[in-house]
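Novice: Handing you a structure now.
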Amino acid sequence: MERLASHKKLLKALFQSAAEGILVVDASGSIVLANPRCLHMFGYPEEELIGKPLEVLVASELADTHAKFREGFFKNPTIRPMGIGRKLYGRTSANQVFPVEVSLSHMEVDGERYAIGFIVDITKQKQATDENILLSQIFHESLNDIYIIDAASFNFVKANTGALNNIGYSLEELQQLSAWDLESDQNRDSFLQRVAPLLASEKKKIIFESSFIRKCQSTFPVEIHLQLFEHNDQPVFMESVLDVTERKQAEAALRKEKETAQRYLDTAASIFVVLDRQENVVLINRKGGQVLGYTEAEIIGKNWFDHFLPAHERETVREVYHTMMQGKIKAVEYFENAILTKDQEECLIEWHNAIIYDEHGSPSAVLSSGVDITEKRKAEKAMTQALIEGQELERKRIAKELHDGLGQSLTAIRLHLNALESDVTQFTRKNQDAFEKLKVILQTTTQEVKSISRDLMPNILQDYGLVKALEFLCQTINDTHTVQVQLQVYRMDRELGQAITVGLYRVAQELINNALKHAQATRIDIQLVGHDTSVVLTVEDDGIGFDFKEKPVANHSFGLRNIETRVKSLSGTFDVETRPGEGTLVIVEIPLKPTSYAAH
Amino acid sequence: MQLIDILIVDDHQMIRDGIKASLSDEPGIRVVAEAATSIEAIQKLSQSPVSVVVMDISLGEKEDGIQTTRQIVQQYPKVHVLALSMHDEEAHITNMLQAGAIGYLLKDTGMDELVEAIKTVASGESYFCKKVSSTMMHRFMKHKKTTSQLHGIHPDQLTKREREILKLIAEEYTNPEIAEKLYISPRTVDTHRRNLILKLNVKNTAGLVRYAIKHELINL
């Protein structure tokens, strides 16, 4: 009896604390008993559930089927273990449906038949299983070919459907092969070498290109992603293989197209260079490499401005480039700037630019074609110099003819007239008048010849240099004009050389003439300043000035253009500062070659 | 009155003839010899002593007249040289005088003074035609000015633009700022700055500022 009591206690405890829900139902389908786990699972207090039909705990759509099933069970009761039979869903008091697994048993007490259900909530298990199914589906349906390789034996363990279809082996055949057997030119050693970083946990994933061999011995290019996983507590490699045949073909086609384009570019006599937004060289043709003195590979990817432009032009050109890239201006179609070769020499290039736009319509690169005009410019400059030199020689010749030939003749006429002077008193009145008139005309003619000759080529310039000649020029103007001409000379005690001497004199002469003729000036200041490596000539007047922006040198008077040509032929700079009513200041700076500024 | 014997040195026959013609009615002057080149002149001088040589500066291509004058004055200290030239440039005049000529006539403006000039020079006195005198006077004036420049130039010798720029530099404006203010390019501002440093004989911008303050070009 005591033992019975203790058994009863034990049973009760078992009922109370069981991890499974325990439910007892009578033959009419009413709930008789539910343990705490069961009450908790379905969310009912005990008093509410007892006496209710069993079907309140079954998902509504299954309730009718379940009732029939229950009736069947009572007619022919059997013991049915978990997980066998149909899928079943429970329903909570809050009408929440969840997957359950139920095992059934039956008993008879006092002539009444009862069914006992043991219920387990399998929500979590079901989720896991569903996921597994999904993953397995993904594995098999994946467009990539996926192989699982045992990381110890390097044998294939598994492969998805796609892989097997593509490679042509059955899974059983594949499992006889090792990881490297599917790749051309691979063996155990090279495979080991390849996966070493994965095994050493240095990398999580390695990606490489290779070539696969099908069972039928045909090959195809692939991109392989290889990762190390745990599978059933075993390390395995997952090898995801992308058939890149099409990509390779597209790449090859593109490469071929690019090579063709490059060949065209390479045979071109012009430089072709493409710069991206970051100022780096994306493309350069052979001619570009030749001019720069580098190989294509040495140029590609380098910053164009930092590597291939002389420092003095770098920032100016860079600014133009960025203005173009920001879309602020249309392509500067024509541009001239120097580039710096490997030998640190400068080449002057004439560029034609085109902007390349991306799909959004914003500038992404600039294609420039350039022609080396260094020699052309040199030739042009030499030609200008020769022209100017020739002109000067001709002027000199004419000046000399006038001075020595015509001038001497006039002097001789004068001397002969002098000889008549003592006889003048014996002349008739008419002859005396004629004699006086002749003397006056002779005087004027002499002055004119002299002044023409001097303008053409002052002897003093040849014989005594620029400073003396300018002093004389200013003095002559001061003697004959109301304009005040001031000359200031600083540190000009040096040999300038014939070209610069004549050039600066002509420029000064022309500028003074301009001031006298057009500027209505009352004062002209001329300065000649000798710097270490250059000479600066400034001519400043207080005249009416002009609007230089409206009337720049290009379309200005012949005089200013002449001056610019001369200054350029001497590699100098020429600047005009002027505004209406504020006078005009012209600054000319001529660089001196090291040999020409040794003081003499 | 003593007869003045002269030698005419000029490479133009036409001129020599003209001089002779113009002196033909002058009883006190006798042309005893003429020469077209330097060598001929020295040779003629050794044969016929004269008191005045009328000398052209340009003999042929070169300015042999200057060298010939120097030689004559050294060898015949009693012979006086009167320069007769087309050249009115100061440098030519100076060179001829330094070589020893004591008179200078311009062929185009002074020939009617020829007789007077020969007579004056024969007596050992200097003779310059009007144009030559004024050129020499000018040179003298300018020379004085140049010397004064060595002692630091006066603000008056700065141009209007230079004074403006110096003022702005002293007021701590940078080249680009000055350029913007005066509507000119930074390059020309830099040129002005370099010119100022050289003209004012200072070393750097600080020197420019000091000059501006010293000469009260800015208000402090």
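Going line by line, the protein sequences match chains A and B.
My numbering puts the first residue of the first sequence at 21, with every later residue one more than the last.
My numbering puts the first residue of the second sequence at 2, with every later residue one more than the last.
Ideal Cβ placement from N, Cα and C applies to all residues, glycine included.
Which stretch, first to last residue, makes up the alpha helix (DSSP H) that contains Ile-319/A?
Specialist: First-last of the alpha helix (DSSP H) with Ile-319/A: 316 to 319.
Novice: Pick out the complete beta strand (DSSP E) segments inside the segment 162 to 210 of chain A, 3 residues or longer, and give them in chain order.
Specialist: Correct list: 165 to 170, 176 to 179.
Novice: Can you pull the DSSP bridge partners for His-251/A?
Specialist: The partner list for His-251/A (beta bridge, DSSP) reads Gln-254/A.
Novice: For the pair the segment 418 to 431 of chain A and the segment 468 to 476 of chain A, tell me if three or more CB-CB distances fall below 8 Å.
Specialist: Touching, yes, given that three or more Cβ pairs across the two stretches are closer than 8 Å.
Novice: If you pair each beta-carbon of the segment 154 to 166 of chain A with each one of the segment 110 to 129 of chain A, do three or more pairs fall below 8 Å?
Specialist: At 8 Å Cβ cutoff, the stretches do not touch.
Novice: Sort out for me which residues DSSP pairs Glu-128/A with in a bridge.
Specialist: BP columns for Glu-128/A point to Arg-133/A.
Novice: Is any beta-carbon of chain A found at less than 8 Å from that of Ser-186/B?
Specialist: Chain A contact via Cβ: present.
Novice: Taking 8 Å as the threshold (beta carbon to beta carbon), is Gln-495/A in contact with chain B?
Specialist: It does: the Cβ of Gln-495/A has a partner Cβ on chain B nearer than 8 Å.
Novice: Indicate the three-state DSSP secondary structure (helix, strand or coil) for Thr-38/B in the structure shown.
Specialist: Thr-38/B falls in the coil class under three-state DSSP.
Novice: Under a three-way DSSP split, which group does Arg-306/A fall into?
Specialist: In this structure, Arg-306/A counts as helix in the three-state DSSP scheme.
Novice: So is Val-556/A in contact with chain B if we call contact Cβ pairs under 8 Å?
Specialist: Chain B contact via Cβ: present.
Novice: Can the beta-carbon of Ser-554/A be found closer than 8 Å to that of Glu-609/A?
Specialist: Result yes, Cβ atoms of Ser-554/A and Glu-609/A sit closer than 8 Å.
Novice: Give me the residue from Leu-303/A, Leu-262/A, His-332/A, Gln-310/A with the minimum Cα distance to Asn-323/A.
Specialist: Among Leu-303/A, Leu-262/A, His-332/A, Gln-310/A, the Cα nearest to that of Asn-323/A belongs to Leu-303/A.
Novice: Please state if the CB of Ile-198/B and the CB of Gly-208/B are separated by a distance shorter than 8 Å.
Specialist: Cβ atoms of Gly-208/B and Ile-198/B: closer than 8 Å.
Novice: Under a Cβ-count criterion, where at least 16 other Cβ atoms within 10 Å of its own Cβ denotes burial, should Ala-673/A be classed as buried or exposed?
Specialist: For residue 673/A there is no data in the structure shown, the boundaries of chain A being 21 and 620.
Novice: Would you kindly check if the distance between the Cβ of Lys-224/A and the Cβ of Gln-206/A is under 8 Å?
Specialist: No; because the gap between Cβ atoms is not below 8 Å, this pair is not in contact.
Novice: What's the gap between the Cα of Ala-618/A and the Cα of Val-522/A?
Specialist: With a pLDDT of only 40 at Ala-618/A, under 50, the local geometry of the prediction cannot be trusted, and no value is derived from it.
Novice: By Cβ distance below 6 Å, which residues in the same chain neighbour Leu-106/B in space, the five residues on each side in sequence not counted?
Specialist: Same-chain partners within the cutoff: Leu-85, Ala-118, Cys-130.
Novice: Is the CB of Tyr-525/A under 8 Å away from at least one CB in chain B?
Specialist: It does not; no Cβ of chain B falls within 8 Å.
Novice: Report yes or no: do three or more beta-carbon pairs, one from the segment 291 to 301 of chain A and one from the segment 380 to 391 of chain A, lie closer than 8 Å?
Specialist: Yes, they touch.
Novice: Identify each residue in the segment 592 to 609 of chain A for which the Cβ-Cβ distance to at least one residue of chain B is less than 8 Å, and report them in chain order.
Specialist: Answer in chain order: Thr-593, Asp-595, Glu-597, Arg-599, Gly-603, Leu-605, Ile-607, Glu-609.
Novice: For Gln-150/B and Asp-499/A, what's the separation of their Cα atoms in angstroms?
Specialist: The predicted position of Gln-150/B is uncertain, since its pLDDT is 49 and thus under 50; a value taken from the coordinates is nonetheless stated next. The alpha-carbon atoms of Gln-150/B and Asp-499/A are separated by roughly 24 Å.
Novice: Assign Lys-450/A to one of two classes, buried (16 or more other C-beta atoms within 10 Å of its C-beta) or exposed (fewer than that).
Specialist: Exposed: under 16 other Cβ atoms inside 10 Å.
Novice: So what's Thr-448/A in DSSP terms, helix, strand or just coil?
Specialist: Thr-448/A: coil per DSSP, three-state reduction.
Novice: Quick check: the segment 36 to 50 of chain A against the segment 66 to 74 of chain A, are there 3 or more CB pairs under 8 Å?
Specialist: Enough Cβ pairs lie closer than 8 Å, so yes.
Novice: If we define contact as Cβ-Cβ less than 8 Å, is Asn-196/B a contact residue for chain A?
Specialist: True, the Cβ-Cβ gap to chain A drops below 8 Å.
Novice: So which residues of chain B does Gly-565/A contact, with C-beta pairs closer than 9 Å?
Specialist: By Cβ distance, chain B contributes nothing, its closest Cβ being about 12 Å from Gly-565/A, past 9 Å.
Novice: Listed in chain order, which residues of the segment 79 to 92 of chain B have Cβ atoms closer than 7 Å to some Cβ of chain A?
Specialist: Answer set for the segment 79 to 92 of chain B: Met-87, His-88, Glu-90, Glu-91, Ala-92.
Novice: Please look up how many angstroms separate the CB atoms of Asp-11/B and Asp-57/B, rounded, as I've assumed it's under 8 Å.
Specialist: The pair is a contact, with the Cβ atoms about 4 Å apart (cut-off 8 Å).
Novice: Are there three or more Cβ pairs, one per stretch, closer than 8 Å when the segment 485 to 504 of chain A is compared with the segment 348 to 368 of chain A?
Specialist: Because the criterion of three Cβ pairs below 8 Å is not met, the segment 485 to 504 of chain A and the segment 348 to 368 of chain A do not touch.
Novice: Looking at Thr-95/B: is its Cβ nearer than 8 Å to the Cβ of Val-82/B?
Specialist: No, the pair does not count as a contact, with Cβ atoms beyond the cut-off.
Novice: Assign Gly-390/A to one of three DSSP states: helix, strand, or coil.
Specialist: Correct three-state label for Gly-390/A: strand.
Novice: Determine, for Leu-531/A, whether the minimum Cβ-Cβ distance to residues of chain B falls below 8 Å.
Specialist: By this cut-off, Leu-531/A is not an interface position.
Novice: Return the first residue and the last residue of the beta strand (DSSP E) that Ile-7/B is part of.
Specialist: Taken as a continuous stretch (DSSP letters only), the beta strand (DSSP E) holding Ile-7/B covers 5 to 10.
Novice: Inspect the beta-carbon positions of Glu-340/A and Phe-325/A and report whether they are closer than 8 Å.
Specialist: Checking the sequence shown, residue 340/A turns out to be Val, not Glu. Their beta carbons are not under 8 Å apart, which means Val-340/A does not touch Phe-325/A by this criterion.
Novice: Is Lys-307/A close to chain B, meaning its C-beta is less than 8 Å from at least one C-beta of that chain?
Specialist: Answer no: the Cβ-Cβ gap between Lys-307/A and chain B never drops below 8 Å.
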